[in-house]
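Here's the structure we're looking at; comments come further down.
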Amino acid sequence: MIQERINKIAKEAESSLSSVQTTADLELWEVKYLGRKSELNEILKGLRDMTPDEKKIIGPLGNTTKQTLFRIFEEAKNTLAEKSIDWEKERIDVTAPGTLHTFGHLHPITLLENEVQDIFSSMGFTIADGPELETEHNNFDALNFPADHPARDMQDTFWLEEDKKSKEHHLLRTQTSTVQVRFMEANKPPFRVIVPGKVFRNEATDASHEFAFHQFECLMVGNEGEVTVATFKYVAETFFSQFFGKHVDVRLRPSFFPFTEPSFEFDISCIICDGKGCSACKQTGWLEIGGAGMVNQKVFEAVGYKRGKYQGFAWGFGLTRLAMMKYKIADIRLLMSSDLRFIRQF
Ligand code: FA5
């Protein structure tokens, strides 16, 4: 009896499936023949009350029927899915021209930073890093800028609003020289290190001034007498000659920085006219590059070194200005403008 019922269910299910046309109909069919409350399921649930002989026959028959119904259900589902595809829409025109993908690339400042790092690495320099948000101590005090001294006005500063309880004042670093302090507090000479990084100054912008720009710091310290102004001149000439791919002379002019003594501005021979005089160097034959000097012993003391034990030079220059020279960019503001028409040229 039960056998017959099962066979009848199978037949009926098969014939009604052949008239199913839509997904909604198929769902109804699934509930009716494969659902939890389907007749076939009810029969299978009743197996436990059957005699062992009945179970032997009804069990396998019920299960194979269920599998068959499931298989034809899946087939019908696939057929319906295929039918619903709009083949005309899906058609791929293999002769159509492709879409041109644009690839990202490094920003000119990053390219230059990498280039500068490679040259210094080949001269045995390591690379150090520090935060852009700094303490007043690392940016000014430890670098021998006396409190309320006009030297602090040399670099207009973005100060952070502070909680009244805060003992330390914070600012956006105005120079990569801050990392001199951080590095020396953690390391003992001899060492040679470079620090690329972004700095910020509260300045009005023009074609050669930005309020956020990139600097490059270089610090080389050894025992007393080991690292001299001559060492600086040699390192600077070697670096700039490699960077510009031709021999470059360096000249020093007296200057003032609180953290170096003596201090100088340094120029390189004009890379356009090779020192003969042109509009780029205002007919002087020289291009201003940055500041430098022998590290002031007061800075060594501030980072915990014994006065007079060590000697070294520090120098810093505007990487952004160097980018302008290298790529002949007339306005510094283009570099950070995010104008893709400009950036895509590199
Ligand atoms: C300094 O920042 C010193 N920390 C450099 C230094 C380091 C001296 C170590 C001695 C020893 P100065 O303020 O001159 O110095 O800035 C250095 C360079 O940053 C300048 O030569 C210039 O190339 C660049 N620079 C300064 N202000 C701007 C600006 N607003 N926009 C773009 N570049 C700037």
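For the sequence shown, the residue numbers in this note's numbering are 700 to 1045. Quick reminder that beta carbons are idealized off the backbone N, C-alpha and C, glycines included.
Below 8 Å between beta carbons: does that hold for Arg-900 and Thr-877? no
Could you tell me if Lys-1020 is buried or exposed, where buried requires 16 or more neighbouring beta carbons within 10 angstroms of its beta carbon? The amino acid at residue 1020 is misidentified as Lys; the sequence shows Arg. By the 10 Å Cβ count, Arg-1020 comes out buried.
Residue range of the unbroken beta strand (DSSP E) whose run includes Pro-759: Looking at the DSSP string, Pro-759 is not in any beta strand (DSSP E); the run it does join, the alpha helix (DSSP H), is 751 to 783.
Tell me which residue opens and which closes the alpha helix (DSSP H) that Glu-713 is part of. 701 to 717
Applying the 10 Å Cβ sphere with the 16-neighbour rule, what's the burial state of Leu-986? buried
Roughly how many angstroms lie between the CA atoms of Ile-757 and Leu-746, to the nearest whole one? 8 Å
In this structure, what does DSSP give as the bridge partners for Val-920? Phe-890 and Gly-1011
Less than 8 Å between the beta carbons of Phe-965 and Gly-989, yes or no? yes
Please specify which runs of the beta strand (DSSP E), each continuous and at least 3 residues long, are wholly inside the stretch 792 to 875, giving them in chain order. 832 to 834 and 869 to 871
Measuring straight from C-alpha to C-alpha, what distance separates Lys-1005 and Phe-938? 31 Å
I need the boundaries of the alpha helix (DSSP H) containing Leu-725, first residue and last residue. 722 to 733
For the alpha helix (DSSP H) containing Ile-742, list its first residue and its last residue. 738 to 744
Uninterrupted beta strand (DSSP E) stretches inside the stretch 928 to 1002 (no shorter than 3 residues): 949 to 956, 959 to 968 and 985 to 994
Return yes when the C-beta of Arg-1040 is under 7 Å from any heavy atom of the ligand FA5, and no when it is not. no
Reducing DSSP to helix, strand and coil, say where Asp-1030 ends up. coil
Would Pro-807 and Tyr-1009 qualify as a contact pair, given that the criterion is a beta-carbon distance under 8 Å? no
Residue environment, Gly-761, which counts as buried when at least 16 other CB atoms sit within 10 Å: buried
Tell me whether the beta-carbon of Pro-957 lies closer than 8 Å to the beta-carbon of Ala-850. yes
Quick check on Lys-897: does DSSP put it in helix, strand or coil? strand
Where do the ends of the alpha helix (DSSP H) carrying Phe-882 lie? 877 to 885
Can you round the beta-carbon distance between Leu-779 and Thr-722 to whole angstroms, since I take them to be within the 8 Å contact cut? 6 Å
Option in Ser-865, Thr-825 and Gln-996 with minimal Cα separation from Thr-834: Ser-865
Residues in its own chain within less than 8 Å of Asn-922 by CB, not counting five upstream and five downstream? Pro-888, Pro-889, Lys-1008, Tyr-1009 and Gln-1010
Residue from Gly-734, Ser-1036 and Val-719 whose Cα sits closest to the Cα of Asn-777: Val-719
Taking the DSSP output, what are the residues bridged to Gln-914? Gly-896 and Gly-1017
So is the beta-carbon of Gln-996 under 7 Å away from any non-hydrogen atom of the ligand FA5? no
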